[in-house]
Amino acid sequence: MAQQADITAMRRAVALAARGLGATSPNPVVGCVITDASGHQVGEGFHQRAGGPHAEVHALRAAGVLARGGTAYVTLEPCDHTGRTGPCSQALIEAGISRVVYAVGDPNPQATGGADTLRAAGVEVEQGLLEAEAEAGNIAWLTSVRHGRPFVRWKYAATLDGRIAAADGTSRWISSAESRADVHRLRAEADAVLVGGGTLRTDDPHLAVRGIENATQPLRVALDTRAELPPTARILDDAAPTLLVVGEDADTRHLPDAELLRLPLHDGRVDVHELLTRLYERGIRSVLLEGGPTLAGAFVAGGAVDQVVGYLAPVLLGAGPAALADSGISTLTEALRLDVTETARVGSDLRITATLKGA
Ligand SMILES: Nc1nc(O)c(N)c(N[C@@H]2O[C@H](COP(=O)(O)O)[C@@H](O)[C@H]2O)n1
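Rendered as structure tokens:
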């Protein structure tokens, strides 16, 4: 049974880790708290950017000599490798830490092993405290390392009866201003924001982050298989980088300045997994899928949606397109079952976050 002081320290470490969201890719978000030999907090820190010091190093620097004989609470197993920075296991040993409590094991085969190294050096090591909370806070990075592809969060906004537009196509604005602002937070947390051709043509989306200070802009990725995008499209401005995904043979002469990813088409469509692999190869670890229903259907059909964030507005339409198009599910036994991991009121709407069972 964990002591309350351990829980408090780890909960603080989980909160610290969240401060790195959107800024650490391709690295995880990690938080660390150090207490001295009598249990008083003497240092804390979080991983701020890839290539920079790990959370443990920030916390050890803050603690100084007071770390000797103390406990380190870390949301992720201390790394055991020399990557862009040195091994945290050694840093903790050299600082004289007596006990390390970490929440989640490091699935990165290059970095894992810190727990064993610490134990071999006589440090007491415990794993699993607030594991579910730390896992949820780091879900994008953990999923991407485990599956070797970016984590995919599908976001949509719909009426209470599941429509994303009226029968005549009008869709502005179903969700509240607060929900729309909240989506900018999701964009800021993602490495890439992805839309399909239908959304591109109907909405002329901009997809950059607005209204959040010092936010890292995601890569805007648009599927435009036949390269029909006009050069005046909002997504082509310089507010954020943009990648246009086009078919192998698409004529792109009217888009001279756009960065292009040419992919083979299968029945006129890009293969979802091939796209994700190519994005992963260029360092993308999390994707916010912003529509539309056809693309979301292809991702669901391909088993490539990890989390769903739905903004449900207290509005009824009774007709109009549904949030999700055909996903290859024809009978209830094939239905995709999710766990609701959070519900929140956002303005007049309800935000429901649901994660794939066993993801
Ligand atoms: N325990 C821990 N704390 C941090 O603050 C971290 N960033 C990590 N990351 C692990 O180490 C790998 C990156 O190492 P470099 O920053 O290149 O040295 C990353 O893939 C994680 O496995 N771990």
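Residue numbers (UniProt numbering): 1 to 359.
For glycine and all other residues, C-beta sits at the position ideal for the given N, C-alpha and C.
With fewer than 16 other CB atoms across the displayed protein chains lying within 10 angstroms of its CB, Trp173 is exposed. In this structure, the beta-carbon distance from Gln48 to Ala9 does not fall below 8 Å.
Shortest Cα-Cα distance from Leu263 to any of Ala227, Arg253 and Ile235 involves Ala227.
Ser327 and Glu290 have their C-alpha atoms some 16 Å from each other. In this structure Ser98 is in contact with Glu124, their Cβ atoms being roughly 6 Å apart against a cut-off of 8 Å.
Three or more beta-carbon pairs separated by less than 8 Å link the region 45-59 to the region 11-27, which places the two stretches in contact. A direct Cα-to-Cα measurement between Thr225 and Ala165 gives close to 24 Å. By the criterion of at least three beta-carbon pairs nearer than 8 Å, the region 193-208 is in contact with the region 293-306. Judged by DSSP secondary structure, Ile34 falls within the beta strand (DSSP E) whose first and last residues are Gly31 to Thr35. Between Arg146 and Pro107, the CB-CB gap stays under 8 Å.
Annotated three-state conformation of Arg337 is coil, per DSSP. In the structure shown, Ile352 adopts extended strand secondary structure according to DSSP, grouped into three states. Under the three-state reduction of DSSP, Ser25 is assigned to coil, being neither helix nor strand. Assigned with DSSP and collapsed to three states, Leu129 falls in coil, not helix or strand. If you look at Thr75, you'll find it in the beta strand (DSSP E) that goes Thr71 to Leu76. In this structure, His147 has its beta carbon at no less than 7 Å from each heavy atom of ligand 1. When secondary structure is reduced to three states using DSSP, Gln3 falls in the coil class, being assigned neither helix nor strand. Residue pairing for Phe46: DSSP places it in a beta bridge opposite Gly31.
Residue range Phe151 to Thr159 is occupied by the beta strand (DSSP E) that includes Thr159. The shortest C-alpha to C-alpha distance from Leu276 to any of Arg234, Ala222, Leu236 and Asp182 is the one to Ala222.
In the pairwise beta carbon analysis, the region 323-342 is classified as not touching the region 267-275: fewer than three pairs are separated by under 8 Å. Under DSSP, Thr343 forms a beta bridge with Ile352. Shown here for Glu259: same chain residues with a beta carbon closer than 6 Å to its own, the five before and five after excluded, namely Leu243 in chain order.
Sequence-distant Cβ neighbours of Gly137 in its own chain, meaning closer than 6 Å and more than five residues away, are Val14, Ala17 and Ala18. Rounded to the nearest angstrom, the gap between the Cα atoms of Ala190 and Val104 is 22 Å. A buried status is given to His54, since no fewer than 16 other beta-carbon atoms sit within 10 Å of its beta-carbon. With fewer than 16 other Cβ atoms from the protein chains shown falling within 10 Å of its own Cβ, Ile7 counts as exposed. Taking 7 Å as the cut-off, one finds at least one heavy atom of ligand 1 near enough to the beta carbon of Asn108. For Gln90, the enclosing alpha helix (DSSP H) begins and ends at Cys88 to Glu94. Minimum Cα-Cα distance from Pro256 among the listed residues Ser179, Leu236, Val33 and Tyr73 corresponds to Leu236. Taking every protein chain shown into account, the CB of Arg337 has fewer than 16 other CB atoms within 10 angstroms, so this residue is exposed.
In this structure, Val30 and Ala72 do not form a Cβ contact; the two beta carbons are roughly 12 Å apart against a cut-off of 8 Å.
Closest in C-alpha terms to Ser330, from the list Ala301, Gly347 and Leu312, comes Ala301. If the five residues before and after Arg11 are omitted, its C-beta is found closer than 8 Å to the C-beta atoms of Leu130 and Glu133, all from its own chain and listed in chain order.
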